[in-house]
Amino acid sequence: MTKADIVEGVYERLGGFSKKEAAAIVETILDVVKDALVAGEKVKISSFGSFTVRAKRQRMGRNPKTGRPLQISARKVLTFKPSQVLRSILNS
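Start counting the sequence shown at -10; every next residue gets the next number (the numbering used here).
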């Protein structure tokens, strides 16, 4: 599913908005979520799940092509944990 598919779904389900307005709504929601994640906040969406940003330490890795060891730099990763409601819907 792409952002355009989400915009189309919002447009069809809410009805009272134009496609341009539906696109603006989706874009605004995504911007709010992005800003919260960049600020280090946890984003919880009821009945869907939660997004968190975790810090990974610097570590040693291996180049799979050559087998030589290399340093993997510290970085932040985004994790998603589905809610119990979403898990039960997926596994029903």
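Quick reminder that beta carbons are idealized off the backbone N, C-alpha and C, glycines included. Computed from a prediction, not measured in an experiment: that's the story for all the values here.
Note down the Cα distance separating residue i from residue j, rounded to an integer number of angstroms.
{"i": "Leu67", "j": "Ala12", "result": "24 Å"}
{"i": "Ala28", "j": "Val15", "result": "20 Å"}
{"i": "Gly(-2)", "j": "Gly50", "result": "42 Å"}
{"i": "Val32", "j": "Leu26", "result": "7 Å"}
{"i": "Pro58", "j": "Asn52", "result": "6 Å"}
{"i": "Tyr0", "j": "Lys9", "result": "9 Å"}
{"i": "Ile78", "j": "Arg2", "result": "20 Å"}
{"i": "Ile64", "j": "Ile34", "result": "First, the amino acid is wrong: residue 64 is Arg here, not Ile. If you take the alpha carbons of Arg64 and Ile34, they lie about 25 Å apart."}
{"i": "Arg76", "j": "Asp(-6)", "result": "23 Å"}
{"i": "Ile61", "j": "Lys45", "result": "10 Å"}
With burial defined as no fewer than 16 other Cβ atoms inside 10 Å of the residue's Cβ, what is the status of residue i: buried or exposed?
{"i": "Asp(-4)", "result": "The sequence given here places Val at residue -4; Asp does not occur at that position. So Val(-4) ends up on the buried side."}
In the structure shown, what three-state DSSP assignment does residue i receive?
{"i": "Gly38", "result": "strand"}
At what residues does the beta strand (DSSP E) containing residue i begin and finish?
{"i": "Gln60", "result": "58 to 61"}
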